[in-house]
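S.K.: Take a look at this one; I'll ask things after.
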Amino acid sequence: MVAYASAGNQYRQQSAMTASPGELTLMLYDGCIKNLKLAKIHIDAKDYAKANDVLQKAQGILAELIRSLDMHYDLSKQLVGLYNYIIDAVVWANVKKDAAKADEALGFITELRDTWQEAVRINRRQTLSGGIG
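Residue numbering for the sequence shown follows our numbering, beginning at 1096 and increasing consecutively.
Below is the structure:
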């Protein structure tokens, strides 16, 4: 079993090292989604220690998403506000052990992830076809 876990970790490391910036952002979104889903499960099971762990991981990912923004763009400034709102929902979910707040954060981050995934897909298609058009 350990060999499989090690192979999985190596694969994830290699994937992160060879990913484009857009794909790395997608990985962050996926990690946040995974942790928010786990948080809901742990809150419902009243396993508050595990809920705390995964909610803190989600907060860390959201902080990394904020750090990755290029603040020269208006969209980045808008995203900071949205990310901060989501962080507030995650903190509330953690403090109050509120699965509904975790679900609210999950809804926002899933929508952002789906939009980002489509942008990565479009960019990849344009790159492969040699440009826009």
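We put the beta carbon where it would ideally sit given N, CA and C, even for glycine. On a predicted model such as this, the values are computed, not experimentally measured, just so you know.
Specify, as a first and last residue, the run of the alpha helix (DSSP H) that Lys1196 falls within.
M.R.: Segment 1194-1224, the alpha helix (DSSP H) holding Lys1196.
S.K.: Out of Gly1117, Thr1120, Leu1150, Gln1221, which has the shortest C-alpha to C-alpha gap to Lys1132?
M.R.: It is Leu1150 whose Cα lies nearest to the Cα of Lys1132.
S.K.: What would DSSP say about Lys1144, mapped onto helix, strand or coil?
M.R.: Before going on, a small fix: residue 1144 reads as Ala here, not Lys. Three-state DSSP puts Ala1144 in a helix.
S.K.: Our contact map puts Lys1145 next to Asn1130 with C-beta atoms below 8 Å; I'd like the distance itself, whole angstroms only.
M.R.: Lys1145 to Asn1130, Cβ: 11 Å. No contact.
S.K.: Between the Cα of Leu1123 and those of Asn1147, Asp1139, Gln1154, spot the shortest distance and give me the residue it belongs to.
M.R.: Taking only the C-alpha atoms, the option nearest Leu1123 is Gln1154.
S.K.: Taking its Cβ as the centre, do 16 or more other Cβ atoms sit within 10 Å of Asn1189, making it buried, or is it exposed?
M.R.: With 16 or more Cβ atoms within 10 Å of its Cβ, Asn1189 is classed as buried.
S.K.: Please go through the same chain and pick out, in chain order, the residues whose beta-carbon is closer than 7 Å to the beta-carbon of Cys1127, but skip the five residues on each side of it.
M.R.: So the list reads Ala1153, Ile1156, Leu1157, Ile1204, once near-sequence residues are dropped.
S.K.: Closer than 6 Å by C-beta to Leu1201: which residues in its own chain qualify, once you throw out the five before and the five after it? Chain order, please.
M.R.: Leu1131.
S.K.: Beta carbon of Lys1135, beta carbon of Asp1198: below 8 Å?
M.R.: It is a contact, given that the beta carbons lie within the stated cut-off.
S.K.: Select from Gly1117, Leu1119, Pro1116, His1137 the residue whose C-alpha is nearest the C-alpha of Lys1192.
M.R.: Ranking Gly1117, Leu1119, Pro1116, His1137 by Cα distance to Lys1192 puts His1137 first.
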